[in-house]
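K.L.:
Before I ask anything, let me first share the structure, which is written out below as structure tokens.
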Amino acid sequence: MKESQVSLNLNLNLNLKLSLMGRGECATSSGGREASRTASLTFLPPFNWPSKGGAVRILISLCVSLGLLSGVGLGAAAEPETGSQSDYFVQGVLASERGQVDRAIELFEAVVWLQPDHAEAQYNLGVLLGERERWDDAMVRLAKAADLRPKDHEPHLAMGLVASQKGDDELAIHEFIETLKLQPDLAEAHVRLGLIYQKRKLDDMATGQYRATIQTDPKNLTARFGLGFLADKKGDLDEAIRQFREITTIDPRNVEGHYNLGLAYGRKSMVGLADLPTPELTDYNALAMESFQKTLSWNPNHSGARYNLAVAYLYQGAGDVKRAREHLDILAGTDPALAEKLADKIESVTQKEGAH
Numbered sequence: 002m003k004e005s006q007v008s009l010n011l012n013l014n015l016n017l018k019l020s021l022m023g024r025g026e027c028a029t030s031s032g033g034r035e036a037s038r039t040a041s042l043t044f045l046p047p048f049n050w051p052s053k054g055g056a057v058r059i060l061i062s063l064c065v066s067l068g069l070l071s072g073v074g075l076g077a078a079a080e081p082e083t084g085s086q087s088d089y090f091v092q093g094v095l096a097s098e099r100g101q102v103d104r105a106i107e108l109f110e111a112v113v114w115l116q117p118d119h120a121e122a123q124y125n126l127g128v129l130l131g132e133r134e135r136w137d138d139a140m141v142r143l144a145k146a147a148d149l150r151p152k153d154h155e156p157h158l159a160m161g162l163v164a165s166q167k168g169d170d171e172l173a174i175h176e177f178i179e180t181l182k183l184q185p186d187l188a189e190a191h192v193r194l195g196l197i198y199q200k201r202k203l204d205d206m207a208t209g210q211y212r213a214t215i216q217t218d219p220k221n222l223t224a225r226f227g228l229g230f231l232a233d234k235k236g237d238l239d240e241a242i243r244q245f246r247e248i249t250t251i252d253p254r255n256v257e258g259h260y261n262l263g264l265a266y267g268r269k270s271m272v273g274l275a276d277l278p279t280p281e282l283t284d285y286n287a288l289a290m291e292s293f294q295k296t297l298s299w300n301p302n303h304s305g306a307r308y309n310l311a312v313a314y315l316y317q318g319a320g321d322v323k324r325a326r327e328h329l330d331i332l333a334g335t336d337p338a339l340a341e342k343l344a345d346k347i348e349s350v351t352q353k354e355g356a357h
């Protein structure tokens, strides 16, 4: 939007804009061996609108802190005396900054009552109603903002997010596409389209959106998880490994990145050994073990990593039943179902060794 802006961060990595009337502009950031690999890849999108009943927190970087709003500072939080739309707007921004969502909604409602064509107030009101999970009301305000500012992409992005929360994927797709018509390189819209397409099993379309995401935002972990997951699904293990390795490079302590990398290495080991068991191919099992160990170093209670590490010990070289049993003892206390499965696998391996 064209007047001074502040950034509104809803929950995790959801970056919208809360416009602020004033001077200047504030930039915003934008069974058998195969069974050992049965654990599915964990695909965890790192952001969503706050879940129902969860704590909602608004983080706003006010342009006034940079002196971009004349006559108002963070300490000037008194109620407006004149009752003009500008006074109500400023107080609405300040109430939002203090986390007083309901009060901010009241103030922006006063603005649009006095001046219905105030695009920024309509937009801010829509965003805050979204914070309160009043999805239908939010859509009305955001649609009004979009009508008032047809060249701005933010209302369409916000409407896409609201539609997603309502479960209306068709409308969400429409709004994210409208967003990209106005802002073609917006990673947020691309990645959210990718998530919807992936949910609908439109894998090629999802892949295209994820690739468009990382072209402008190479460190977008959601897109890289999606690319890794879809590559593994297609059997392109080299691409899956590349994406999960990139995730662990960007974020060395990313637990699910290491875990999924371990699973992909494990699948690669299985495929390689089925074709031609050479020392080079066998090393994929060792790489899988290393990834599972890193996962457990950050999260000792990660049952999937512990189970797969134990299985990897069973098939590494001559097999290390003792190490596998150590993990079985720990797993018995955290995940009895996986512990039982691991116990059966250990028994199967020891019986085969006894037969020889």
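In the working numbering, the protein residues as written are 2 to 357.
All residues carry an ideal CB built from backbone N, CA and C; glycine is no exception.
(1) For T351, collect the residues of the same chain with a Cβ closer than 7 Å to its Cβ; drop the 5 residues on either side in sequence, then sort them by chain order.
(2) Could you give the distance in angstroms between the alpha-carbon of V65 and the alpha-carbon of D88?
(3) With 16 other CB atoms within 10 Å as the buried threshold, where does T1 fall?
(4) Rounded to whole angstroms, what's the CA-CA distance from F293 to E107? Just pull it up for me.
(5) Under the assumption that V128 contacts A159 (Cβ atoms under 8 Å), give the Cβ distance between them as a whole number of angstroms.
(6) Answer yes or no: do A120 and L143 have a C-beta to C-beta separation smaller than 8 Å?
(7) Considering just the uninterrupted stretch of the alpha helix (DSSP H) at S165, what are its terminal residues?
(8) Please list the segments of the alpha helix (DSSP H) lying wholly inside the stretch 115-202, counting only runs of 4 or more residues, in order along the chain.
(9) Specify the secondary structure class of K220 as computed by DSSP and reduced to three states.
(10) Can you look up S298 in the DSSP assignment and give me helix, strand or coil?
(11) According to the neighbour-count rule (16 or more other Cβ atoms, all chains shown, within 10 Å of its Cβ), is T250 buried or exposed?
(12) How many angstroms separate the CA atom of A188 from the CA atom of I215?
(13) Using the rule of at least 16 other Cβ atoms within 10 Å of the residue's Cβ for burial, across every protein chain shown, is D233 buried or exposed?
(14) Rounding to the nearest angstrom, what Cα-Cα distance links K152 and Y124 in this structure?
(15) Helix, strand or coil for R254 per DSSP?
(16) Report the three-state DSSP secondary structure of G227 (helix, strand or coil).
(17) To the nearest angstrom, how far is the alpha carbon of R113 from that of Y198?
(18) What residue from H303, A344, Y266 and N255 has the CA that sits closest to A241's CA?
(19) Buried or exposed: which applies to G131, given that a residue is buried once 16 or more other Cβ atoms fall within 10 Å of its Cβ?
(20) Would you mind sorting E176 into buried or exposed? The rule is 16 or more other CB atoms within 10 Å of its CB.
(21) So D321 is in the alpha helix (DSSP H); what residue range does that whole segment cover?
(22) Have a look at D137 and V163 and give me their C-alpha separation to the nearest angstrom.
(23) Would L238 pass as a contact of R212 if the rule is Cβ separation under 8 Å?
(24) So the candidates are N221, G161, D218 and G227; which of them puts its Cα closest to the Cα of M206?
(25) Rank G209, G93 and P156 by C-alpha distance to the C-alpha of A105 and give the top, closest one.
(26) As a quick exercise: from H154, E134, E179 and A146, pick the residue whose alpha carbon is nearest that of G168.
(27) Exposed or buried, S97, counting other C-beta atoms within 10 Å across all chains shown (16 or more means buried)?
(28) Ignore the nearest five residues each way along the sequence and tell me which others in D218's own chain have a CB closer than 6 Å to its CB.
P.N.:
In this structure, then:
(1) Taking the sequence shown and counting its residues from 1, the one referred to as residue 351 is at position 350. In chain order, V322 place their CB closer than 7 Å to the CB of T351, counting only its own chain and leaving out the 5 sequence neighbours on each side.
(2) Counting from 1 along the sequence shown, the entry for residue 65 is found at position 64. Counting from 1 along the sequence shown, the entry for residue 88 is found at position 87. Legend: pLDDT at V65 = 30, less than 50; position of this residue unreliable, value from coordinates given subsequently. Rounded to the nearest whole angstrom, the C-alpha separation of V65 and D88 is 14 Å.
(3) This structure does not reach residue 1, given that the chain is present from 2 up to 357, and the question cannot be answered.
(4) On the sequence shown, position 292 is the one that residue 293 refers to. On the sequence shown, position 106 is the one that residue 107 refers to. Looking at the two C-alpha atoms, the distance is approximately 51 Å.
(5) For the purposes of this step, residue 128 is taken as the residue at position 127 of the sequence shown. For the purposes of this step, residue 159 is taken as the residue at position 158 of the sequence shown. Confirmed, about 6 Å.
(6) On the sequence shown, residue 120 is found 119 positions in, with the first residue counted as 1. On the sequence shown, residue 143 is found 142 positions in, with the first residue counted as 1. Cβ distance not < 8 Å, so A120 and L143 don't count as in contact.
(7) As a working note, residue 165 is residue 164 in the sequence shown. S165 -> alpha helix (DSSP H) spans E155 to K167.
(8) Counting only unbroken stretches of 4 or more residues, the alpha helix (DSSP H) elements lying wholly within the stretch 115-202 are 120-132, 136-149, 155-167, 170-183 and 188-200, in sequence order.
(9) Your numbering for residue 220 matches position 219 in the sequence shown. Looking at K220 - three-state DSSP - the assignment turns out to be coil, as it is neither helix nor strand.
(10) As a working mapping, residue 298 is identified with position 297 in the sequence shown. Note: S298 maps to helix in three-state DSSP.
(11) Residue mapping note: residue 250 aligns to position 249 of the sequence shown, counting from 1. Label assigned to T250: exposed.
(12) Working through the sequence shown from its first residue, we reach residue 188 at position 187. Working through the sequence shown from its first residue, we reach residue 215 at position 214. C-alpha separation (whole angstroms): 7 Å.
(13) As a working note, residue 233 is residue 232 in the sequence shown. D233 is classed as buried because its beta carbon has at least 16 other beta carbons within 10 Å across all chains shown.
(14) The residue given as residue 152 occupies position 151 in the sequence shown. The residue given as residue 124 occupies position 123 in the sequence shown. Answer to the nearest angstrom: the Cα atoms are 14 Å apart.
(15) One-based indexing of the sequence shown puts residue 254 at position 253. Residue state, collapsed to three classes: coil.
(16) Reading the sequence shown from its first residue, position 226 is the one you call residue 227. If DSSP states are grouped into helix, strand and coil, G227 belongs with the helices.
(17) Residue numbering aside, residue 113 sits at position 112 when the sequence shown is read from its first letter. Residue numbering aside, residue 198 sits at position 197 when the sequence shown is read from its first letter. The identity of residue 113 in the sequence shown is Val, whereas the question assumes Arg. The straight-line gap from Cα to Cα measures roughly 36 Å.
(18) By 1-based counting over the sequence shown, the position of residue 241 is 240. Out of H303, A344, Y266 and N255, Y266 has the C-alpha closest to the C-alpha of A241.
(19) In the sequence shown, residue 131 corresponds to position 130, counting from 1. Classification for G131: buried.
(20) For this step, residue 176 is matched to residue 175 along the sequence shown. Answer is buried; the Cβ neighbour count reaches 16.
(21) Taking the first residue of the sequence shown as position 1, residue 321 is located at position 320. Segment: none, D321 is in no alpha helix (DSSP H) and carries neither H nor E.
(22) Looking up residue 137 in the sequence shown gives position 136. Looking up residue 163 in the sequence shown gives position 162. Rounded to whole angstroms, the gap between the alpha carbons of D137 and V163 is 8 Å.
(23) The count along the sequence shown starts at 1 and reaches residue 238 at position 237. The count along the sequence shown starts at 1 and reaches residue 212 at position 211. Against a cut-off of 8 Å, the Cβ pair of R212 and L238 comes out as no contact.
(24) Translated into the one-based positions of the sequence shown, residue 206 becomes position 205. Nearest of N221, G161, D218 and G227 to M206, Cα basis: G227.
(25) Within the sequence shown, residue 105 is the residue found at index 104, counting from 1. If we check each option's Cα against that of A105, G93 comes out closest.
(26) For this step, residue 168 is matched to residue 167 along the sequence shown. Of the residues H154, E134, E179 and A146, the one whose Cα lies closest to the Cα of G168 is E134.
(27) To locate residue 97, count along the sequence shown from 1; it is residue 96. Here S97 is buried: its Cβ has 16 or more other Cβ atoms, across all protein chains shown, within 10 Å.
(28) Stepping through the sequence shown from its first residue, residue 218 is reached at position 217. Result list for D218: A188, in chain order.
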